[in-house]
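Q:
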Amino acid sequence: MAKEEGFVAEPGSQEGKVSISRDVIATIAGLAATEVEGIAPPKGESFPRGEAARKLVDVELADGRVRIGIKVAVVYGHPVSEVAQRLQEKIKEEVEKMTALPVDAVEVEVIRVVFPEEEPLEEG
Amino acid sequence: MAEQKLILERPLGRVSVHLSALEAIAARAVEKVEGVRPLLRSGGLMNIFAGPEEGLVVTLGEEQVDVELRIAVVLGYPVHEVAQGVQQAVREDLEGLAGIKVGRVDVFVKQVIPPQEALVLEEESEEGGENDG
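The listed protein sequences correspond, in order, to chains R and Z. Mapping of the first sequence onto the numbering used here: residues 1 to 124, in sequence order. Mapping of the second sequence onto the numbering used here: residues 1 to 133, in sequence order.
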């Protein structure tokens with residue numbers, strides 16, 4: 001059977017198989033990232049979804065198992081390696097819950113630090 | 001050359017931290033120390049908070065980083081204490097705040113600045129959006 005580009009397939013059963021787009025997995029990973037305190041999107045206000053998510057989230061498939069790479073920013077004041085580990089756990093959990101695909105590794109790349117006062121806030 | 005990264009191997013996969021991110025944290029630590037100013041150079045300001053080649057350099061060790069800083073001290077402040085304060089602040093913020101292991105923090109005091117010039121600098125840097133809250 002032809003393998004469709006960009007799709008990650010679950011091992012099929014006799015009734016057919018379910019294929020999940022890499023972009024879907026990337027979007028789930030991005031959404032999971034927004035839920036981790038201390039993690040911010042490197043650019044803009046939110047993690048991109050759909051096709052645009054490819055820029056920040058890299059999804060790899062090997063033997064029915066998923067590896068994810070994600071680029072993020074850490075909010076100043078949060079311990080970098082700790083929030084990165086929390087992010088790894090969160091992404092693994094969310095992707096496995098929503099796709100039923102086993103996640104082997106989540107590689108996190110911290111490309112910058114954002115300072116909270118960069119966001120517009122009202123202060124006297 | 002690709003941007004240098006601090007690599008931390010973790011059970012769920014690799015965490016890599018760009019050195020520029022750590023430099024931003026270190027620069028913020030320096031700003032907290034009283035009596036320290038960006039270097040002044042003929043032809044204008046050399047801002048130590050502007051970028052890696054300009055006074056604050058983080059280099060890579062094994063699962064840890066080294067920091068090298070060039071600063072100016074405002075005249076009237078005890079140079080040695082200010083420099084030590086900078087060393088301590090940078091180490092505390094990178095280790096305590098960011099959870100990154102720090103090897104050496106080398107501080108080079110390159111200049112002293114008369115207080116009246118330091119005031120001018122302060123105003124300029126405030127225009128640049130610096131705020132002590």
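Ideal Cβ positions, reconstructed from N, Cα and C, are used throughout, including at glycine.
#1: According to a CB-to-CB cut-off of less than 8 Å, which residues of the region 12-32 of chain R neighbour chain Z?
#2: DSSP puts Q88 of chain R in a beta bridge; with which residues?
#3: Quick check on V33 of chain Z - is its C-beta less than 8 Å from some C-beta in chain R?
#4: Taking C-alpha atoms, which residue in R:A62, R:P102 and R:E89 lies nearest to I70 of chain R?
#5: What does a CB cutoff of less than 7 Å around H18 of chain Z pick up in its chain, not counting 5 residues either side in sequence?
#6: Pull up the CB-CB distance for V80 of chain R and V110 of chain R, whole angstroms please, since I reckon it's below 8 Å.
#7: If you follow the alpha helix (DSSP H) that S20 of chain Z is part of, which residue opens it and which one closes it?
#8: So which residues on chain Z does P79 of chain R lean against when the C-beta distance must stay under 9 Å?
#9: Compute the beta-carbon to beta-carbon distance between Q64 of chain Z and G103 of chain Z, rounded to the nearest angstrom, for a pair I have assumed lies under 8 Å.
#10: Since L75 of chain Z and P114 of chain Z should fall inside the 8 Å C-beta cutoff, what is the C-beta to C-beta distance between them, to a whole number of angstroms?
A: Here's the rundown:
#1: none
#2: Paired residues: none, contrary to the question.
#3: no
#4: R:E89
#5: E3 and K5
#6: 6 Å
#7: L19 to E31
#8: G96, L97, A98, G99 and I100
#9: 5 Å
#10: 5 Å
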